[in-house]
């Protein structure tokens, strides 16, 4: 893909592009012709401060536009828009890299490039993460949507010249008081991988129906061991929790993983890497199987592969599995996967229904 500078002779093409596509996560979700014409007249697309580019793919198709503004400052900002029909194809990440190439290639030596998005624009947040940008700000109730007459949180991402030149990402130290001296660089890692029979990947909103059905069918078993199984389990509740899981995955706070049979594409169960401590780093694996998939070795296969992922991709030094002492099936998965029992913590937790105290068994593997 390449950037092709927009010119005033292409005014009608720009107006057509802006008015025939939808922009659900922008301040103005629907841009009318008069508004675009006014912005063009006032230099909102071409001036000393602003440059606008078409995003042209390898087939010569104009798949989006990128507008870089505040070009007289050391810290330019950008606005990125991908046409409806071309979303989900990876063009956004390519566009961000091209804009960084342009800005940091300017002779005046720009210091950084930044962009903003709404906190629930998960696709754009993931695009930032994949393109070397770092989350630098979370502004509560700072993004107004006129169509909905409500405020959303705004997220700021940026990339510095230093990181761009070095090809790295330097995380922001949020706790900047005097005793916060440990800075752990969180690695980049893929959002999906495979085992012999399984596709293992981060959640998607397309999974909501399959996951909800699996939970409802497996609920009696889940409620023996999982406190969350006592929460409301209708489709809307599952979708809300899924959105949070996707956001947590993008922010590398908690890595929920869904398991699918490669041969059929069927949802098999859920696992993930939780209680992450990036200063070690260490993680804990959790898991449950959908009804009908027990006894086939799927969870042992998944746990072995996820453990490998934790060591190889996350740089984990310790991987734990914790479960109720009475949960024989969960304990068997840990033992078949080569985890060593380290402890039994007496009266460590409550039963899933909250009525009794239970012991917790701790299993672990450490990196060699």
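Numbering (UniProt numbering), first residue to last: 1 to 368. Heads up, the beta-carbon is just placed ideally off N, CA and C, and yes, glycines get one too.
Enclosing beta strand (DSSP E) for residue i [first to last residue]
i	result
residue 225	Counting along the chain, residue 225 falls outside any beta strand (DSSP E), though it belongs to the alpha helix (DSSP H) covering 208 to 225.
residue 65	62 to 69
residue 82	77 to 82
residue 36	Per DSSP, residue 36 belongs to no beta strand (DSSP E); it is in the alpha helix (DSSP H), 33 to 41.
residue 144	134 to 145
residue 110	That residue, residue 110, is in no beta strand (DSSP E); it is neither H nor E in DSSP.
residue 370	What is shown of the chain runs 1 to 368, which leaves residue 370 out entirely.
residue 363	357 to 366
residue 15	Where residue 15 is concerned, there is no enclosing beta strand (DSSP E), although the alpha helix (DSSP H) it sits in stretches over 11 to 20.
residue 303	Here residue 303 belongs to no beta strand (DSSP E); instead the alpha helix (DSSP H) covers 298 to 313.
residue 345	340 to 350
Beta-carbon contacts of residue i that lie in its chain and below 6 angstroms, excluding the five residues immediately before and after
i	result
residue 248	254
residue 321	285, 334, 339, 363
residue 67	52, 79
residue 367	311, 317
residue 170	163
residue 227	352
residue 71	49
residue 137	156
residue 330	323
residue 2	56
residue 287	271, 299
residue 154	116, 139, 142, 143
residue 212	235, 238
Proximal residues to residue i (C-beta, below 8 angstroms), its chain only, five neighbours per side dropped
i	result
residue 198	259, 260, 261, 262, 268, 298, 301, 302, 305
residue 82	55, 63, 64, 91, 92, 95
residue 340	363, 364, 365
residue 87	123
residue 43	49, 50
residue 100	113, 131, 132, 159, 164
residue 289	218, 268, 269, 298, 299
residue 207	242, 258, 267
Residue i to residue j span [Cα, whole Å]
i	j	result
residue 359	residue 127	42 angstroms
residue 46	residue 243	37 angstroms
residue 336	residue 59	50 angstroms
residue 391	residue 6	The requested residue 391 does not occur in the structure, where the chain is confined to residues 1 to 368.
residue 179	residue 172	Confidence at residue 179 is low in this model, with a pLDDT of 48, below 50, so its placement is unreliable and the value that follows should be read with caution. Distance between the alpha carbons of residue 179 and residue 172: 16 angstroms.
residue 168	residue 315	16 angstroms
residue 103	residue 76	8 angstroms
residue 159	residue 132	7 angstroms
residue 276	residue 240	22 angstroms
residue 307	residue 98	35 angstroms
residue 369	residue 61	Any property of residue 369 remains undetermined from this structure, which presents the chain solely from 1 to 368.
residue 291	residue 222	10 angstroms
residue 125	residue 69	20 angstroms
residue 200	residue 8	48 angstroms
residue 327	residue 245	25 angstroms
residue 116	residue 274	28 angstroms
residue 332	residue 188	32 angstroms
residue 22	residue 265	31 angstroms
residue 38	residue 13	15 angstroms
residue 145	residue 151	6 angstroms
Residues near residue i in its chain [Cβ-Cβ closer than 7 angstroms; skip 5 each side]
i	result
residue 216	233
residue 280	317, 318
residue 20	none
residue 343	362
residue 11	40
residue 309	193
residue 357	347, 350
residue 4	53, 54, 56
residue 129	250
residue 229	219, 222, 223, 352
Proximity to residue i [Cα-Cα], best of the options
i	options	result
residue 282	131, 170, 252	252
residue 235	257, 17, 210, 34	210
residue 118	354, 140, 221	140
residue 121	107, 323, 136, 25	25
residue 156	98, 142, 150	142
residue 238	266, 203, 23	203
residue 107	84, 89, 74, 98	74
residue 190	33, 345, 313	313
residue 293	23, 214, 16	214
residue 231	345, 195, 256, 354	354
Where the alpha helix (DSSP H) through residue i begins and ends
i	result
residue 158	Note, residue 158: premise wrong, no alpha helix (DSSP H); beta strand (DSSP E) at 150 to 160.
residue 241	235 to 250
residue 91	91 to 104
residue 229	No alpha helix (DSSP H) holds residue 229; DSSP gives it neither H nor E.
residue 127	122 to 130
Chain D contact for residue i (CB, 7 angstroms cutoff)
i	result
residue 149	Chain labels in this structure do not include chain D; a single protein chain is all it has.
Looking at C-beta atoms only, is the number of pairs between the stretch 102 to 117 and the stretch 161 to 175 that lie closer than 8 angstroms three or more?
Touching, yes, given that three or more Cβ pairs across the two stretches are closer than 8 angstroms.
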